[in-house]
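Visitor:
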Amino acid sequence: MTDDDPDTERNAEAAADADTAANAEGATDAETAVRRDRFSGGPAREFLSSLAADEAIFEADLAVDRAHTVMLAEQGIVDDAVAGEVLAALDDVEAAGHGALPDGEDVHEAIETAVIDRVGPDGGRMHTARSRNDEVATCIRYRLREDVLAVVASTLSLREALVDVAGEHAETVMPGYTHLQPAQPTTVAHYLLSYEGAVARDTARLLDAYERVNRSPLGAAAFAGTPFDVDRDRTAALLGFDGVVRNSMDAASSRDFLAEVANACATLATTLSGLAEDLILFANKGYVDLSDDYSSTSSIMPQKKNPDTLELTRGVAGDAIGEATGTLSLLKGLPRAYNRDLQRAHAGVFEIADDVREATGIAAGAVATADWNVDALADAAGDGFSTATGVADLLAMSGLPFRTAHEIVADAAESIEDGDTPELAAARVDEAARDVTGESLFEYVSRADVERTLDPTASVASRDSAGGPAPETVRADLSAADRDLSEDREALVAAREALATAAETLDEEVASYV
Ligand code: ARG
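For the sequence shown, numbering that gives the first Met the number 0 gives the first residue as 0, with consecutive numbering after it.
(1) Measure the CB-CB distance between residue 197 and residue 270 and report whether it falls below 7 Å.
(2) Tell me whether residue 140, by its Cβ, gets closer than 6 Å to a heavy atom of the ligand ARG.
(3) For residue 374, which of helix, strand or coil comes out of DSSP?
(4) Do you know how far the Cα of residue 399 is from the Cα of residue 436?
(5) The beta strand (DSSP E) with residue 182 in it runs from where to where?
(6) Does DSSP classify residue 417 as helix, strand or coil?
(7) Any heavy atom of the ligand ARG inside 6 Å of the beta-carbon of residue 49?
(8) Within 10 angstroms of its Cβ, does residue 422 collect 16 or more other Cβ (buried), or is it exposed?
(9) Just the Cα atoms here: how many angstroms apart are residue 55 and residue 291?
(10) Short of 6 Å in beta carbon distance, which residues of its chain neighbour residue 16, apart from the five on each side in sequence? Order them along the chain.
(11) Quick check: does the Cβ of residue 132 come within less than 6 Å of any heavy atom belonging to the ligand ARG?
(12) For residue 218, is the classification buried or exposed, using 16 other Cβ atoms within 10 angstroms of its Cβ as the cut-off for buried?
(13) Along the chain, which unbroken stretches of the alpha helix (DSSP H) at least 4 residues long are found entirely within the stretch 40 to 70?
(14) Classify residue 256: buried if its beta carbon has 16 or more other beta carbons within 10 angstroms, exposed otherwise.
(15) According to DSSP, is residue 229 part of a helix, a strand, or is it coil?
(16) Quick check: what's the CA-CA separation for residue 263 versus residue 208?
(17) Exposed or buried, which one is residue 379 when buried takes at least 16 other CB atoms within 10 Å?
(18) Suppose the cutoff is 6 Å on Cβ atoms and the five residues either side in sequence are ignored; what does the same chain contact list for residue 204 look like?
(19) For the ligand ARG, is there any heavy atom lying closer than 6 Å to the beta carbon of residue 135?
(20) What residues in its chain sit with their C-beta under 6 Å from that of residue 361, if we drop five residues either side in the sequence?
(21) Are there any heavy atoms of the ligand ARG lying less than 6 Å away from the beta-carbon of residue 341, as far as the coordinates show?
(22) Under three-state DSSP, which class holds residue 458?
(23) Is the separation between the beta-carbon of residue 136 and that of residue 346 shorter than 7 Å?
(24) Here's the rule I'm using: 16 or more other beta-carbon atoms within 10 Å means buried, otherwise exposed. How should residue 374 be labelled?
(25) Could you tell me the distance, in whole angstroms, from the CA atom of residue 95 to the CA atom of residue 370?
(26) Sort 67, 153 and 75 by Cα distance to residue 352 and report the nearest one.
(27) Taking the alpha carbon of residue 342 as the reference point, which residue from 413, 458 and 134 has its own alpha carbon closest?
(28) How long is the line joining the alpha carbons of residue 487 and residue 123, rounded to whole angstroms?
(29) Can you tell me the Cβ-Cβ gap for residue 222 and residue 337, rounded? I've got them flagged as a contact below 8 Å.
(30) Relative to the C-alpha of residue 324, which candidate in 121, 61 and 266 has its C-alpha closest?
(31) Could you check what DSSP says for residue 177 in three-state terms: helix, strand or coil?
(32) What's the C-alpha gap between residue 195 and residue 90?
This is the structure we're talking about:
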């Protein structure tokens, strides 16, 4: 079926030819009536068809057909009786399932054929005042809404796990790294909250994208609207959309919402990949024990416990980035309005949303069930003279220019080794101060203060600037994270309820005709 061929005479002739040919192959009248395959009966038939992939939008298409049919009846464009027959046929088609659909270029055509098979030619009234172009755009958005909300839900579970575990470890000091080298001590809670913040932004990006996905293109027809008196707001409401995509050319041909969702998924997957990488490294160092449920064994090496779930989680980011890039590449340079390239744009986005949702759930489970090795972390927290910055800060607070303090501590770092007592380390810093300034350090700070600063726990406690790792700061930030999480949970519930309410209304409307 071509939706936008202006050459109607040629169209009719070719349709007649195709009908004859199809009838000769034993196709039903209804099938030929819908298909009128001028061009798609040859070797390219399978290449053109999206029917198999369209299983993902089978339910969506039924909903769209129902809403459209109800609206056509309400507007007096089709008789109530015909609407009732079409709607009953759609129930039947749904019960039979996607696998039972007749042949067709896509699910839209196949469902229409199935309806006409059941109702007769009047079934063809279902396609009044629309095109497959607005139909498919509506189906994609209808289906993608659920996918986006499922990813949102997975981010909430991950944030919940991060916040819960962080709540248990506000005092658990650990080494913090830059360039993979021990840099400054922090706490497990502060570390986990760093990911909670990032995932919270991923939630926000997805919820934001949802608002733009959740708009109805239906009624745009091929791209240029329709002379029928359709009620676009009504179909939008029946399908749970939060309004319409107004311009009919934009509505039928834009897919930027797919790029947006793919990008939001890719950004989330990138966040996950960093978390997964850290946990793999921490498990390797003995800082954290992954639960057996999130680990794998080796088929040959009996002693092994491998962090495979996290490696797969890390790997999903590659696919997600590929999908985001692929989506934009497909859309780049497409002229207005509809082009068939668009048929290839959405299936991958459904799939990547599903993969990213799954990976996020796995990350949530791995975080919730892992055991942090408090003693190993405490032992390592001061490694690599990670308290050096704190000592420099102390000297600067005592009146030295920070640059001079930095020089003294850098000098001391040459001779300080892991495992040195605070007394020995303080003496090393003092030697360095004498080298650099010609004076003893203890002229301006007390030995006890220097030794305290060298202790990772005290070092963490002192860094109580906003968002810093000091336990009381982190506790306040945990409460804020909890509040944000509740708000996002409410947003998710509200979005899902709106969809469920619309679905109930549509069911009731349909029931009133059948
Ligand atoms: N199956 C197509 C898609 O997914 C919709 C068909 C619109 N076809 C057309 N030739 N205008 O994009």
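All C-beta atoms in this analysis are idealised placements derived from N, C-alpha and C, irrespective of residue type, glycine included.
Guide: If we stick to the structure as given:
(1) Result yes, Cβ atoms of residue 197 and residue 270 sit closer than 7 Å.
(2) False, no ligand heavy atom lies under 6 Å from that Cβ.
(3) Secondary structure of residue 374 (DSSP, three-state): helix.
(4) Approximately 10 Å, taken between the alpha carbons.
(5) For residue 182, the uninterrupted beta strand (DSSP E) run begins and ends at 180 to 186, by DSSP.
(6) Annotated three-state conformation of residue 417 is coil, per DSSP.
(7) Checking the Cβ of residue 49 against the ligand ARG gives yes.
(8) Result: exposed.
(9) Going from the Cα of residue 55 to the Cα of residue 291 covers about 34 Å.
(10) With a pLDDT of only 38 at residue 16, under 50, the local geometry of the prediction cannot be trusted, and the value read off the model is given with reservation. Result list for residue 16: empty, nothing under 6 Å.
(11) Checking the Cβ of residue 132 against the ligand ARG gives yes.
(12) Classification for residue 218: buried.
(13) Those alpha helix (DSSP H) runs which fall completely within the stretch 40 to 70 and span 4+ residues are 44 to 47.
(14) Counting every other CB atom within 10 Å of its CB across the protein chains shown gives residue 256 a total of 16 or more, marking it as buried.
(15) It is coil, neither helix nor strand.
(16) When rounded, the distance between both Cα atoms is 8 Å.
(17) Per the 10 Å Cβ criterion, buried.
(18) Apart from the 5 residues on each side of it in sequence, residue 204 sits with its Cβ closer than 6 Å to the Cβ of 263 in its chain, given in chain order.
(19) Under cutoff, so the answer is yes.
(20) If the five residues before and after residue 361 are omitted, its C-beta is found closer than 6 Å to the C-beta atoms of 308 and 312, all from its own chain and listed in chain order.
(21) Checking every heavy atom of the ligand ARG against the Cβ of residue 341, one is found closer than 6 Å.
(22) Here residue 458 sits in helix by DSSP.
(23) If you check the CB distance, residue 136 and residue 346 do not come in under 7 Å.
(24) Exposure of residue 374 is indicated by the presence of fewer than 16 other C-beta atoms within 10 angstroms of its C-beta.
(25) C-alpha of residue 95 to C-alpha of residue 370: approximately 49 Å in a straight line.
(26) Taking the Cα of residue 352 as reference, the smallest distance to any Cα among 67, 153 and 75 is reached at 153.
(27) Check the Cα spacing between residue 342 and each of 413, 458 and 134: the tightest is with 134.
(28) Put simply, the backbone Cα of residue 487 is about 44 Å away from that of residue 123.
(29) Residue 222 to residue 337, Cβ: 6 Å. Contact.
(30) Comparing Cα-Cα distances from residue 324 to each of 121, 61 and 266, the minimum goes to 266.
(31) Under the three-state reduction of DSSP output, residue 177 falls in the strand class.
(32) Residue 195 and residue 90 have their alpha carbons spaced roughly 44 Å apart.
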